[in-house]
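Written out below as structure tokens is the structure these notes cover.
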Amino acid sequence: MNMEIEKLDIDSIFIKYTINEIRDIEEKIKVDMERKKEELRSMVGERYRDLIEAADAIFEMKTCAKGVEQFVHLLNDKCSKIDHTLLTQSISSNTISDKQLSKLTLVISIRILTETRRRCWMFLEENNFAAAARQYLLAQHMASSLSSSTTDEQFDNDSQKAIVAATRLWHQTRHMKATILDKCRLYLKSIDTNVQILANALSTLITFGNKSVEQVLNEFLTAKLDIIKESYQNADLKSRDDDKKPKL
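Here is the structure:
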């Protein structure tokens, strides 16, 4: 089947060709795309290769970002049932009283709040920004549940004091959201980046930072352009310093 890829009519392609022919067309288009990308790489040189490879990865990042966004929404929906899920792992008896159930829920919630800051930093050290965001959202839900329980009559004085202490701890932990987003943006400015970690950072900025895909991609490209400008400036300064050195 001889044809020119550029002259294909997309609207009529499914009418004129069989399924096997369409698959052949798809393969030819992919080969043609790769060939043109290699030609473009040769034209712009090695200096801009990172930007071209980043552009290739943007399509994968967008899909990944949508997946993470759906996951975060699902996490928020499931948070309302988290107490029941955690309790079923610990409770072996079906005859537990409401008072015991509430107290056990309180213990679990406070434990999550006390561990949140440490776990967030642990995930950030691993460049797992999405996991840090999930931990933060879980703690946020627990803090909200505790806040609505401060006037619950079934809690004794010690439990009430524990709730107040945990709520204060949450107020000290809320800054972690800004820290997580700052770490994501800092990674965008890294010279040596891993595609998977980069997708993790971009998707976290989209879902956790309430940004659109376009806004985050623009921020990413701006960060890369800043790196290029800085490299040129440093090279220019080095060249000037070399010129000033006395020649033997």
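In terms of the numbering used here, the sequence shown opens at residue 135 and continues consecutively. Built from N, CA and C at the ideal position, the CB exists for glycine as well. The model shown is predicted, which means the values in this text are computed figures rather than measured ones.
Comparing the C-beta of residue i with each C-beta of chain D, is any distance below 7 Å?
i: Lys150; result: Considering every chain present, this structure includes no chain D. It has just one protein chain.
Excluding the five sequence neighbours on either side, which residues of its own chain have a C-beta within less than 6 Å of the C-beta of residue i, listed in chain order?
i: Asn136; result: Low per-residue confidence applies at Asn136: pLDDT is 48, beneath 50, and the placement is therefore not dependable, though the value from the model is reported in the following sentence. None.
i: Asn384; result: The question about residue 384 has no answer, for the chain in this structure spans 135 to 382.
i: Phe257; result: Ala265, Ala266
i: Phe342; result: Ala267
Per DSSP, what kind of secondary structure is residue i in: helix, strand or coil?
i: Ser278; result: helix
i: Asp166; result: helix
i: Ile325; result: coil
i: Thr239; result: helix
i: Tyr201; result: According to the sequence shown, residue 201 is Gly rather than Tyr. Looking at Gly201 - three-state DSSP - the assignment turns out to be helix.
i: Glu260; result: coil
i: Phe148; result: helix
i: Asn154; result: helix
i: Asn344; result: coil
i: His309; result: coil
i: Asp290; result: coil
Can you tell which of the options has the C-alpha that lies nearest to the C-alpha of residue i?
i: Cys198; options: Glu364, Leu339, Leu359, Lys358; result: Leu339
i: Asn344; options: Ala312, Ile331, Ile361, Asp326; result: Ala312
i: His109; options: Ile361, Ala300, Asn334; result: A question about residue 109 goes unanswered here, because the residues of the chain that appear run from 135 up to 382.
i: Leu240; options: Lys295, Lys323, Glu364; result: Lys295
i: Arg302; options: Ala277, Gln204, Phe354; result: Ala277
i: Lys323; options: Tyr151, Glu160, Val350; result: Val350
i: Lys200; options: Val347, Leu359, Glu364; result: Val347
i: Phe354; options: Met167, Ile242, Lys363, Tyr321; result: Tyr321
Using C-beta distances below 8 Å, list every residue in its chain close to residue i, excluding the 5 sequence neighbours before and after it, in chain order.
i: Ala273; result: Ile246, Leu247, Thr250, Trp304, Thr307
i: Leu315; result: Thr338, Leu339, Phe342, Gly343
In chain order, what residues of the same chain have a beta carbon less than 7 Å from the beta carbon of residue i, not counting five sequence neighbours either side?
i: Ala264; result: Val202, Asn334, Ser337, Thr338
i: Ile244; result: Ala296, Ala300
i: Ile361; result: Lys323, Ile325
i: Ser293; result: Lys237, Leu240
i: Ile192; result: Leu351
i: Ser279; result: Ser243
Beta carbon of residue i: closer than 6 Å to some heavy atom of the ligand MG?
i: Met310; result: Here there are no bound small molecules, and the ligand MG is not part of this structure.
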